[in-house]
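Visitor: Questions regarding the structure given below will be posed in turn.
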Amino acid sequence: MEKIYAECSKCHALNKIDKSKISDKVPVCGKCQGTIELHGHVAEVNTNNFQKILQKAEGPVLVDFWANWCGPCRSYGPEYQKASLQNPDAVFLKINTESEQQLSAQLGIRGIPCTILFKNGKEVRRQSGAMSAEQVKMFLNQ
Ligand SMILES: [Zn+2]
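The sequence shown begins at 64 in our numbering and counts up one residue at a time.
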């Protein structure tokens with residue numbers, strides 16, 4: 064996959080960005096021209112964009128459900144980012160359980176961080192708790 068997903072933090076439009084362009088310049092939102100902040104190849108998305116990506120993605124989709132107040136989530140973040148750079152065939156997403164409460168309830172997220180792997184739009188497996196980048200890779204390929 065040569066492109067990654069990113070959600071504009073200003074207008075929440077879903078952008079697809081060429082990986083090759085990331086290193087040259089800061090990506091810009093196609094809709095509002097705002098700058099897009101990237102965290103490795105992880106896209107932080109809302110429920111609407113999550114569902115769009117789930118429908119479109121051809122490869123596996125990983126989602127890290129997290130919240131700001133959660134210490135283990137914050138320590139997991141950098142490892143998850145590292146894993147996103149090491150596993151280019153998967154789509155790495157992050158969903159804030161505080162702002163996307165309905166989706167989190169619908170998926171039965173109890174403890175966070177919780178990582179869920181989707182293939183062909185369906186949940187394949189989930190893992191509670193923080194993982195190392197290496198463990199994320201194993202979880203993905205298990
Ligand atoms: Zn925008």
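By construction, the Cβ of each residue, glycine as well, lies at the ideal position given by its N, Cα and C atoms.
Can you tell me which of the three DSSP states T178 falls into?
Guide: Taking the sequence shown and counting its residues from 1, the one referred to as residue 178 is at position 115. If DSSP states are grouped into helix, strand and coil, T178 belongs with the strands.
Visitor: Within the chosen definition, does the region 110-127 reach the region 80-91 through at least 3 CB pairs nearer than 8 Å?
Guide: No: fewer than three Cβ pairs fall under 8 Å.
Visitor: Looking at F113 and C177, is the spacing between their C-beta atoms short of 8 Å?
Guide: Numbered from 1 along the sequence shown, position 114 holds the residue referred to as residue 177. Numbered from 1 along the sequence shown, position 50 holds the residue referred to as residue 113. It is not a contact, given that the beta carbons lie outside the stated cut-off.
Visitor: For the candidate residues L125, I99 and C95, whose alpha-carbon lies nearest to that of N204?
Guide: The residue labelled residue 204 in the question sits at position 141 within the sequence shown. For the residues L125, I99 and C95, the minimum Cα distance to N204 belongs to L125.
Visitor: Leaving out five residues on either side along the sequence, give the residues of the same chain with a beta carbon under 6 Å from the beta carbon of C133.
Guide: Here residue 133 corresponds to residue number 70 of the sequence shown, with the count starting at 1. Excluding sequence neighbours, C133 sits near I175.
Visitor: Which residue's Cα is closest to the Cα of N183: A153, E100, Y143 and C95?
Guide: As a first step, residue 183 is located in the sequence shown; it is residue number 120 there, counting from the start. Checking every option, the nearest Cα to that of N183 belongs to A153.
Visitor: Report the option in M194, L166, C74 and G97 whose CA atom is closest to the CA atom of T110.
Guide: The residue labelled residue 110 in the question sits at position 47 within the sequence shown. If we check each option's Cα against that of T110, L166 comes out closest.
Visitor: Looking at G97 and ligand 1, is the gap between the Cβ and the nearest heavy atom below 7 Å?
Guide: Start at 1 with the first residue of the sequence shown, and residue 97 comes out as number 34. Yes.
Visitor: Spatial neighbours of K73 within its chain, please: C-beta separation below 8 Å, excluding the five flanking residues on both sides.
Guide: For the purposes of this step, residue 73 is taken as the residue at position 10 of the sequence shown. Once the five neighbours on either side are set aside, the close Cβ partners of K73 are C92, C95 and G97.
Visitor: Any heavy atom of ligand 1 within a distance shorter than 7 Å of the CB on A69?
Guide: The residue labelled residue 69 in the question sits at position 6 within the sequence shown. Because no heavy atom of ligand 1 lies under 7 Å away, the Cβ of A69 does not count as near it: no.
Visitor: Could you check if A76 belongs to the surroundings of ligand 1, using beta carbon to heavy atom distance under 7 Å?
Guide: As a position in the sequence shown, residue 76 is number 13, starting the count at 1. Yes, Cβ of A76 sits closer than 7 Å to a heavy atom of ligand 1.
Visitor: What's the C-alpha gap between Q164 and A106?
Guide: In the sequence shown, residue 164 corresponds to position 101, counting from 1. In the sequence shown, residue 106 corresponds to position 43, counting from 1. Approximately 18 Å, taken between the alpha carbons.
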